[in-house]
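Peer 1: Sending over a structure as structure tokens; questions will come in a sec.
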Amino acid sequence: GAGVSQSPRYKVAKRGQDVALRCDPISGHVSLFWYQQALGQGPEFLTYFQNEAQLDKSGLPSDRFFAERPEGSVSTLKIQRTQQEDSAVYLCASSLGRTEHRGGQYFGPGTRLTVL
Amino acid sequence: AQSVTQLDSQVPVFEEAPVELRCNYSSSVSVYLFWYVQYPNQGLQLLLKYLSGSTLVKGINGFEAEFNKSQTSFHLRKPSVHISDTAEYFCAVSFPASGGSYIPTFGRGTSLIVHP
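Keeping their order, the protein sequence lines are chains A and B.
Quick note: the first sequence, position 3, residue 1 per the working numbering, numbers continuous.
Quick note: the second sequence, position 100, residue 1085 per the working numbering, numbers continuous.
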């Protein structure tokens, strides 16, 4: 496709369930970012990949959050034992270069996670 | 601490009037600056960016922004707004992180509401 896609678009989970969120970046894009956006807030950085290497995961809020990009294209963000405070929109963005500041980022539509 | 502040959570304006959306940041090192727009039910889209050079940058849809290093500001302006400019606007600043990467920090967003 032409843009960044994310699936599912909406996810409802019971507290304690594990969830997996998928991101398909633009083909050929080297860098991939995950963000968490709470209601009424701006996106907050979670983690960053350059190809398959996870270069920065300083934004992951706890060890329940795990992200991977094993072949340097599709990425999955996994949240274990979900809690209500995990409810948010999870955004994925990709950029062509090794550092996002040159080209800017292309964002997907997001996955809205609701934890009951 | 590094931070990004969007001073106005909501800016109402009449169609064809000028508008300025304010963004300030705190940093003692060089940064890269961006404005993104999010239309209802759509993903974030890059409006414009400042990397270096001329402090006045022009973006899409008639928007422009001016980087002021002494005031650590990057305000977004448009001389005449349209109804279609109604959207959420996010200022983002990329701060240097470990390993030579740059990690974006977003402001909380400003909701621009254009009235006929």
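Beta carbons: idealized from backbone N, C-alpha and C, even for Gly.
Who are the Cβ neighbours of residue 1043/B in its own chain at under 7 Å, not counting the five residues just before and after it?
Peer 2: So the list reads 1033 and 1049, once near-sequence residues are dropped.
Peer 1: Given that residue 1086/B touches chain A, what residues does it touch there, using C-beta distances under 7 Å?
Peer 2: Correct list: 46, 53, 54 and 97.
Peer 1: Run through chain B and tell me which residues come within less than 7 Å of residue 40/A, C-beta to C-beta.
Peer 2: Neighbours of residue 40/A on chain B, chain order: 1075, 1091, 1092, 1093 and 1094.
Peer 1: Can you tell me where the beta strand (DSSP E) holding residue 66/A begins and where it ends?
Peer 2: It spans 63 to 66 - the beta strand (DSSP E) in which residue 66/A sits, taken as one unbroken run.
Peer 1: I want to verify the contact list: residues of chain A whose CB lies under 7 Å from the CB of residue 1028/B, in sequence order.
Peer 2: What residue 1028/B touches in chain A: 105, 106, 107 and 108.
Peer 1: Going by the beta-carbon positions, is the gap between residue 46/A and residue 29/A smaller than 8 Å?
Peer 2: It is a contact, given that the beta carbons lie within the stated cut-off.
Peer 1: So, is residue 10/A buried or exposed, given that buried needs 16 or more other C-beta atoms within 10 angstroms?
Peer 2: Classification for residue 10/A: exposed.
Peer 1: Got a sec: does the ligand MG put a non-hydrogen atom nearer than 7 Å to the Cβ of residue 111/A?
Peer 2: The ligand MG is absent from the structure shown, which contains no ligands of any kind.
Peer 1: My output table needs one value for residue 16/A: the three-state DSSP class, helix, strand or coil.
Peer 2: Coil.
Peer 1: For chain B, check one thing: does any of its Cβ atoms lie closer than 8 Å to the Cβ of residue 102/A?
Peer 2: Interface residue, yes.
Peer 1: Chain A beta carbons: is any one of them nearer than 8 Å to that of residue 1019/B?
Peer 2: Yes, contact with chain A.
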